[in-house]
Amino acid sequence: MAGPLAAPVTSAPSEQRETGDRRAARRPGDRTPRAALGHFGIGRTVRPWLLLTPSLIVLGALLLYPLVRVVLISLQDFSGLRAVARGTAEFIGLDNYREVLRDEQLWRTVLPNTVVVALACVFLTVVIGTLAALLLESLGAKMRAATTIAILSAWAVPAVTGTYIWIWIFDPVNGLVSKAAQWAGLVAPGGENWFLDRTTFFAIVILNVVHHGFPFVALTVLAGLLTIPAEMVEASKLDGAGAWRRFWSITVPTLRPVFAVVTILSTIWDFKVFTQVYLMPGGSGSNREVLNLGTWSYVESFGQTEYGTGSAIAVVLTVVLLLITGIYLRTMFKEGEL
Amino acid sequence: MRAGRAVALVALLVFTLFPVVWMVVTALNPSASSASATPTGVTLDNFRFVLDEGGFGRYLWNSALVAVGTVLVSGLLALLAAVAVARFRFKFRTAVLVMVLIVQMVPLEALVIPLFIQARNLQLINSLLGLVVVYVAFSLPFAIWTLRGFVAAIPVDIEEAAYVDGASWTRMFFSILLPLVAPGLVATSVFSFITAWNEFVFALTFLGDDSKYTVAIGLRNFFGQYGTNWGAVMAGSTLITIPVMVFFVMVQRRLTAGLVAGASKG
Amino acid sequence: MRIRSQSRRLAAVALAATTALVIAGCGDGDSDTANNDTTNQSLTVWIMEGTNPDATPFFDKVKTAFKKDNNAELNIQFVPWSAAHDKFVTAVGGGETPDVAEVGTTWTPEFGEAGILTDLTDKVKGSAVADDLVDSLQTAGEVDGKLYGMPWYAGVRSVLYRTDVFEELGLKPPTTWDEWLTVAQAIKTAKPEMIAMPVAGDNEYGVYPFVWGAGGDIATLDGDKWTSKIDSADAKRGIQFYTDLALKHGLSSPAAATWKETDLRDNFGQGNVAMMISGSWTPKSIVEKAPALDGKIGAFPIPGEKSGLSPSFVGGSHLAVFEGSKNADLAWKFVEMMTTGEFANEWATQSSFFPGLKSLLDEATKQDDPLVAPFAEQMKDGGETVPVTPAYGKVQAKKTVPAMLQAILSGSKTVDQATADAAKEMTSEMQG
Chain A
125 MAGPLAAPVT
135 SAPSEQRETG
145 DRRAARRPGD
155 RTPRAALGHF
165 GIGRTVRPWL
175 LLTPSLIVLG
185 ALLLYPLVRV
195 VLISLQDFSG
205 LRAVARGTAE
215 FIGLDNYREV
225 LRDEQLWRTV
235 LPNTVVVALA
245 CVFLTVVIGT
255 LAALLLESLG
265 AKMRAATTIA
275 ILSAWAVPAV
285 TGTYIWIWIF
295 DPVNGLVSKA
305 AQWAGLVAPG
315 GENWFLDRTT
325 FFAIVILNVV
335 HHGFPFVALT
345 VLAGLLTIPA
355 EMVEASKLDG
365 AGAWRRFWSI
375 TVPTLRPVFA
385 VVTILSTIWD
395 FKVFTQVYLM
405 PGGSGSNREV
415 LNLGTWSYVE
425 SFGQTEYGTG
435 SAIAVVLTVV
445 LLLITGIYLR
455 TMFKEGEL
Chain B
59 MRAGRAVALV
69 ALLVFTLFPV
79 VWMVVTALNP
89 SASSASATPT
99 GVTLDNFRFV
109 LDEGGFGRYL
119 WNSALVAVGT
129 VLVSGLLALL
139 AAVAVARFRF
149 KFRTAVLVMV
159 LIVQMVPLEA
169 LVIPLFIQAR
179 NLQLINSLLG
189 LVVVYVAFSL
199 PFAIWTLRGF
209 VAAIPVDIEE
219 AAYVDGASWT
229 RMFFSILLPL
239 VAPGLVATSV
249 FSFITAWNEF
259 VFALTFLGDD
269 SKYTVAIGLR
279 NFFGQYGTNW
289 GAVMAGSTLI
299 TIPVMVFFVM
309 VQRRLTAGLV
319 AGASKG
Chain C
3 MRIRSQSRRL
13 AAVALAATTA
23 LVIAGCGDGD
33 SDTANNDTTN
43 QSLTVWIMEG
53 TNPDATPFFD
63 KVKTAFKKDN
73 NAELNIQFVP
83 WSAAHDKFVT
93 AVGGGETPDV
103 AEVGTTWTPE
113 FGEAGILTDL
123 TDKVKGSAVA
133 DDLVDSLQTA
143 GEVDGKLYGM
153 PWYAGVRSVL
163 YRTDVFEELG
173 LKPPTTWDEW
183 LTVAQAIKTA
193 KPEMIAMPVA
203 GDNEYGVYPF
213 VWGAGGDIAT
223 LDGDKWTSKI
233 DSADAKRGIQ
243 FYTDLALKHG
253 LSSPAAATWK
263 ETDLRDNFGQ
273 GNVAMMISGS
283 WTPKSIVEKA
293 PALDGKIGAF
303 PIPGEKSGLS
313 PSFVGGSHLA
323 VFEGSKNADL
333 AWKFVEMMTT
343 GEFANEWATQ
353 SSFFPGLKSL
363 LDEATKQDDP
373 LVAPFAEQMK
383 DGGETVPVTP
393 AYGKVQAKKT
403 VPAMLQAILS
413 GSKTVDQATA
423 DAAKEMTSEM
433 QG
């Protein structure tokens with residue numbers, strides 16, 4: 125049907141909307157779009173690249189070199205300030221990778237902490253964010269604006285500050301939670317140090333990360349919800365669909381791209397959580413049981429000016445994240461979402 | 059149902075606002091030696107200190123310049139790129155999308171030194187403009203991916219109709235596309251703003267002059283080696299939080315107006 | 003059409019903002035050449051933020067004096083402590099180091115050994131203060147006999163206590179470990195709502211006095227290899243006493259197991275703590291934040307195990323000149339100005355630290371202030387340094403000692419286990 129410079133992409137929901145409308149596909153030789161595509165009559169091979177060029181320049185000029193350097197450094201014995209000053213070091217092949225991947229602590233403590241916490245954070249952030257978005261959509265315009273601003277404040281408070289506030293809320297001596305627990309008789313008068321035990325420690329971290337991260341999901345999903353045509357919703361209401369069914373048969377399919385972005389990015393960020401763990405009591409290296417990938421890589425490598433191993437960890441992490449998100453991406457590509 | 063919604067709303071607000079309220083209460087507390095301290099009064103001294111000796115008067119302006127610059131540049135670049143990726147099928151499309159995402163995956167500490175060297179080579183060091191360029195690079199992935207989704211969700215027919223009416227691509231872009239992706243632009247704008255507003259590592263590394271410091275650096279200044287000024291930390295944090303919300307209100311109003319007008323066209 | 007005019011407005015705003023940025027950004031890129039002074043000499047100096055609460059007026063005076071004496075500009079940049087080390091490393095990587103910088107004493111060996119600091123030995127030998135440097139600070143700044151950091155200021159940790167509590171219970175500052183235990187227990191019995199002697203888990207400087215006081219060492223140098231001695235019998239005895247205060251005698255609090263020094267101080271300021279190991283620079287800031295404690299704070303040097311003092315870590319800052327400075331002589335003049343004479347004294351007084359010269363330190367110790375004399379005594383008679391080698395910087399970055407302490411305090415390891423593990427890790431870090 126169409127040649128290699130084929131039809132522009134339309135996503136599934138558009139096709140749903142345009143049931144019976146066959147004009148979505150472009151016919152070869154159709155002059156209207158090309159002329160109407162304006163001044164760049166050069167055609168559709170050049171146009172997309174022209175639009176992409178500014179972004180690619182910024183990303184390429186700024187980040188291509190550093191990314192290549194990170195890989196190169198990971199293959200060198202880049203250890204200590206001397207190496208940093210010199211800029212290069214002895215080439216040692218995959219030794220850094222071996223050292224990193226053989227570290228028992230990585231497999232026993234660090235990775236399990238990171239994966240479990242990240243999964244919990246992503247799940248809760250997306251769920252709570254989506255629920256918040258649905259709630260916001262159902263409000264009147266004024267209430268919606270006010271509530272959105274309120275929610276935004278959780279995202280706007282700097283992560284550093286937010287972390288300290290959560291630390292104080294759980295402060296064993298003076299914190300609100302501790303005082304409440306003591307008053308309720310659940311805890312000894314001296315207070316319980318929630319930060320010592322791995323489970324309670326990360327429960328607080330998850331609370332912190334979700335609190336900070338759900339507004340982003342809420343805002344993005346809300347934006348998506350607002351673009352769903354009202355007619356679609358009305359039509360399905362007339363058909364007798366309840367809220368639950370409407371959510372799953374209209375909202376989710378329409379917003380698949382939005383959910384995809386939000387989930388992928390949340391996964392990437394929650395895997396790399398650093399500040400929220402590092403600033404917690406014991407989180408900066410004195411409690412070995414609560415190290416996650418971000419803090420472990422800092423304490424073991426960058427903090428000690430060991431850039432070789434640090435870069436190796438960075439490369440490994442990037443590859444792992446690529447694999448994880450890759451699975452999701454492939455599904456999306458297969459279903460023509462992308 | 060009404061009651062359920064009200065309860066949910068209250069729960070949401072309490073969950074969200076509780077730490078924020080605590081921050082403000084401590085900022086106003088004259089004896090904020092630690093924020094678990096009970097408030098002993100209300101005072102603006104912490105705010106005065108932060109704006110004056112803490113340098114926040116200057117830093118807020120610097121941060122504003124950088125953040126607005128980032129939002130505008132990354133918004134424009136991302137929108138163009140999103141149109142390219144959403145509307146056209148071309149070779150390497152997948153590669154470009156994935157490459158853009160990789161930027162978000164690489165841990166920051168690994169990138170700091172090489173990025174610093176690169177920025178220095180490009181003469182971006184010690185300038186707010188240099189920071190804008192870096193922050194644009196960091197906010198592009200989310201912006202491109204999100205806007206791609208919004209652009210892709212716009213039926214091609216609407217565009218076609220505009221061309222049939224005789225509109226040029228530019229006209230179509232501004233009067234049809236832009237209003238319909240407006241909510242997406244709101245989300246990505248806020249994201250870019252917050253990225254630029256709160257970023258600390260590169261700001262400190264790049265800037266060689268106190269007068270160019272951003273608020274994120276200014277905040278860290280209150281965490282001394284030998285003790286922390288919690289009152290100042292919370293007051294500074296409050297001053298950091300407010301502009302974000304102001305920004306959101308402004309963006310929301312401008313862009314949703316466009317959405318309403320656009321939607322009413324059918 | 004509303005939308006088009008809105009978009010136009012948007013574009014206009016964009017253009018305006020970008021222009022403003024370009025002006026702001028490019029404007030001061032080359033401020034050195036665009037000088038309106040007749041000089042073209044200037045120094046870039048990095049100072050740590052927060053040491054001196056009146057730093058800005060102080061440096062205004064310094065700038066004026068420097069300009070008068072040397073006809074050169076000073077470009078002073080304040081850097082937050084928490085991010086300073088990273089900023090140094092990045093600057094080294096990018097070749098953008100300052101001319102002079104304040105360097106923490108535990109960083110000087112690392113920087114000196116890496117070859118990024120200028121050797122100051124000859125400059126000091128030829129100056130008036132050749133024999134006047136405080137010993138512990140001088141040692142901390144030397145690598146292979148070469149001095150890389152000029153002592154600027156230092157402080158030491160002793161015990162800060164609540165004089166009103168002691169008075170009320172008729173207690174006197176202890177002079178041995180046993181007396182210390184008795185005093186603490188007396189406080190606990192009479193005032194159970196207070197923490198008598200908290201043992202902060204995330205604080206290595208709190209445990210060193212007990213290691214040294216018992217006659218032990220953190221690590222020793224055999225030839226050119228460092229070996230950790232934190233699992234020696236003496237060291238273990240000291241660590242056992244310290245942690246027993248918490249675990250056996252209940253004189254601490256479960257919260258303290260994860261406390262940093264700053265948390266310790268915050269709690270003291272809130273009135274919860276009776277005694278704490280803290281630095282000479284803290285009483286002033288504590289009273290500032292908690293005026294209710296004014297006149298109720300005292301200090302005593304850390305008691306020795308059976309007599310005398312337990313040594314305590316002398317920490318502070320050096321001023322260092324960076325290799326690659328284009329104005330090395332000018333840089334040294336600045337260093338000299340800051341570390342000797344009037345400015346040195348003023349800085350020390352304003353930030354409540356001790357100056358880095360013996361002569362100035364002696365003057366300070368003659369002061370009658372009860373909150374200065376005990377610290378001065380500790381610094382003169384009981385000052386120690388951690389192993390002066392870049393390798394120890396790595397051990398500190400990895401938090402080997404705090405991890406050891408925390409493991410003991412949380413009950414997950416015994417003193418024997420924890421010290422053995424810590425020694426193994428420390429030795430491998432220092433030798434690897």
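Chains as they are written, first to last, in the working numbering: chain A, 125 to 462; chain B, 59 to 324; chain C, 3 to 434.
Ideal placement from N, C-alpha and C gives every residue a C-beta, glycine not left out.
Cutoff 6 Å; reference residue i; Cβ partners in own chain excluding five residues on either side
| i | result |
| --- | --- |
| G409/A | V423 |
| V100/B | L86 |
| Q433/C | K227 |
| G379/C | Before going on, a small fix: residue 379/C reads as Glu here, not Gly. The residues are P303. |
Own chain, CB closer than 8 Å to residue i, minus 5 neighbours either side, in chain order
| i | result |
| --- | --- |
| N332/A | G286, T287, W290, Q400 |
| G117/C | E325 |
Selected residue, minimal CA-CA separation from residue i, among the options
| i | options | result |
| --- | --- | --- |
| V170/A | A61/B, V302/B, R151/B | R151/B |
| P339/A | L276/A, T177/A, W420/A | L276/A |
| G273/C | A359/A, R232/A, F426/A, V297/A | V297/A |
| I189/C | L363/C, H251/C, T245/C, P211/C | H251/C |
| A399/C | A436/A, V345/A, F383/A, S421/A | S421/A |
| A425/C | D246/C, Y155/C, M50/C, D233/C | D233/C |
| K411/C | M278/C, M196/C, A258/C, F315/C | Note that residue 411/C corresponds to Leu in the displayed sequence, not to Lys. Considering only alpha carbons, the answer is A258/C. |
| R239/C | R267/C, P256/C, Y210/C | Y210/C |
| L155/B | L183/A, R206/A, L230/A, L403/A | L183/A |
| V209/B | N120/B, P237/B, A220/B, L189/B | P237/B |
| G407/A | D321/A, G299/A, L191/A, G309/A | D321/A |
| L171/C | K193/C, D146/C, T120/C | K193/C |
Chain E contact for residue i (CB, 8 Å cutoff)
| i | result |
| --- | --- |
| A85/C | Protein chains A, B and C are contained in the structure displayed, whereas chain E is not. |
Coil, strand or helix - residue i by DSSP
| i | result |
| --- | --- |
| M432/C | helix |
| A420/C | helix |
| H320/C | strand |
| F475/C | Any question about residue 475/C goes unanswered here, given that chain C covers just 3 to 434. |
| W109/C | coil |
| S414/C | coil |
| L223/C | strand |
| T68/A | Look at the range of chain A in this structure, 125 to 462, and you will see that residue 68/A is not part of it. |
| D32/C | In this prediction, D32/C scores a pLDDT of 41, lower than 50, which makes its location untrustworthy; the coordinate-derived value is nonetheless stated afterwards. D32/C falls in the coil class under three-state DSSP. |
| Y150/C | coil |
| P357/C | strand |
| I304/C | coil |
| T391/C | coil |
Sequence-distant residues of its chain with Cβ nearer than 7 Å to residue i (five each side left out)
| i | result |
| --- | --- |
| K291/C | G271 |
| N72/C | L332, K335 |
| A36/C | Confidence is the limiting factor: at A36/C the pLDDT is only 41, short of 50, which leaves the residue's position unreliable, though a coordinate-based value still follows. So the list is empty, once near-sequence residues are dropped. |
| V403/C | E206, V209, A424 |
| A74/C | T41, Q43, S44, L45, F68, L332 |
Contact residues within the region 296-320 of chain A, judged by C-beta distance below 7 Å to chain C: P296, V297, G314, G315, E316, N317, F319, L320
Taking a Cβ distance cut-off of 7 Å, strictly less, list which residues of the region 247-260 of chain B are near chain C, in chain order. Per Cβ criterion, the list is empty.
When you check each C-beta in the region 181-201 of chain B against every C-beta of chain A, which residues fall closer than 7 Å? So the close ones are V191, V192, V194, A195, L198, F200.
Open item on the list: Which runs of the alpha helix (DSSP H) at least 4 residues long sit entirely within the region 112-179 of chain B? Give them in chain order.
Closed with: 114-145, 151-163, 166-179
**Prompt:** Closer than 7 Å, Cβ to any Cβ of chain B: which residues of the region 395-414 of chain A, in chain order?
**Reply:** The residues in question are K396.
Go through the region 266-310 of chain C residue by residue and report every complete run of the beta strand (DSSP E) that reaches 3 residues or more, in order. 277-281, 299-302
Using a Cβ-Cβ cut-off of less than 8 Å, give me the residues of the region 275-296 of chain A that come near chain B, in sequence order.
The residues in question are I275, L276, S277, A278, W279, A280, V281, P282, A283, V284, T285, G286, Y288, I289, W290, W292, I293, D295.
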